[in-house]
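Asker: Below is a structure I'd like to ask you about.
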């Protein structure tokens, strides 16, 4: 059954400029993303927000987020 459209998945046709104050831990995470991916700060933040929205929606739908390492061991990720 197809999921009904919601505000999270609404299509925007314009860019939106925001000014935010990041806590030190978030600022460091963006720096880490930039180093790992080679993306700009703006692109890193845009992708991070999209991934977080996806994960939040999946968890709201009753799914779990799991990580599996090379040996096959899995670990449940708790995002609070």
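In the working numbering, the protein residues as written are 183 to 262.
Note that beta-carbon positions come from the ideal geometry of N, C-alpha and C, so glycine has one too.
These numbers were taken from a predicted model, which means no experiment stands behind them.
For residue 204, which residues from the same chain have a beta carbon less than 8 Å from its beta carbon, with the 5 sequence-adjacent residues on both sides left out?
Answerer: Locating residue 204 in the chain shown gives position 22, counting from the first residue. Hits under 8 Å: 212.
Asker: Tell me the DSSP secondary structure of residue 217 in three-state form.
Answerer: For the purposes of this step, residue 217 is taken as the residue at position 35 of the chain shown. Correct three-state label for residue 217: helix.
Asker: Where does the unbroken alpha helix (DSSP H) through residue 224 begin, and where does it stop?
Answerer: The residue given as residue 224 occupies position 42 in the chain shown. Run containing residue 224: 223-242, per the alpha helix (DSSP H) assignment.
Asker: Which one or two residues does DSSP pair with residue 250 in a beta bridge?
Answerer: As a position in the chain shown, residue 250 is number 68, starting the count at 1. According to DSSP, which records beta bridges pairwise, residue 250 is partnered with 256.
Asker: Relative to the C-alpha of residue 230, which residue among 216, 241 and 260 is closest?
Answerer: One-based indexing of the chain shown puts residue 230 at position 48. Nearest option by C-alpha distance: 216.
Asker: How about residue 238 and residue 261: are their beta carbons less than 9 Å apart?
Answerer: To locate residue 238, count along the chain shown from 1; it is residue 56. To locate residue 261, count along the chain shown from 1; it is residue 79. Cβ atoms of residue 238 and residue 261: closer than 9 Å.
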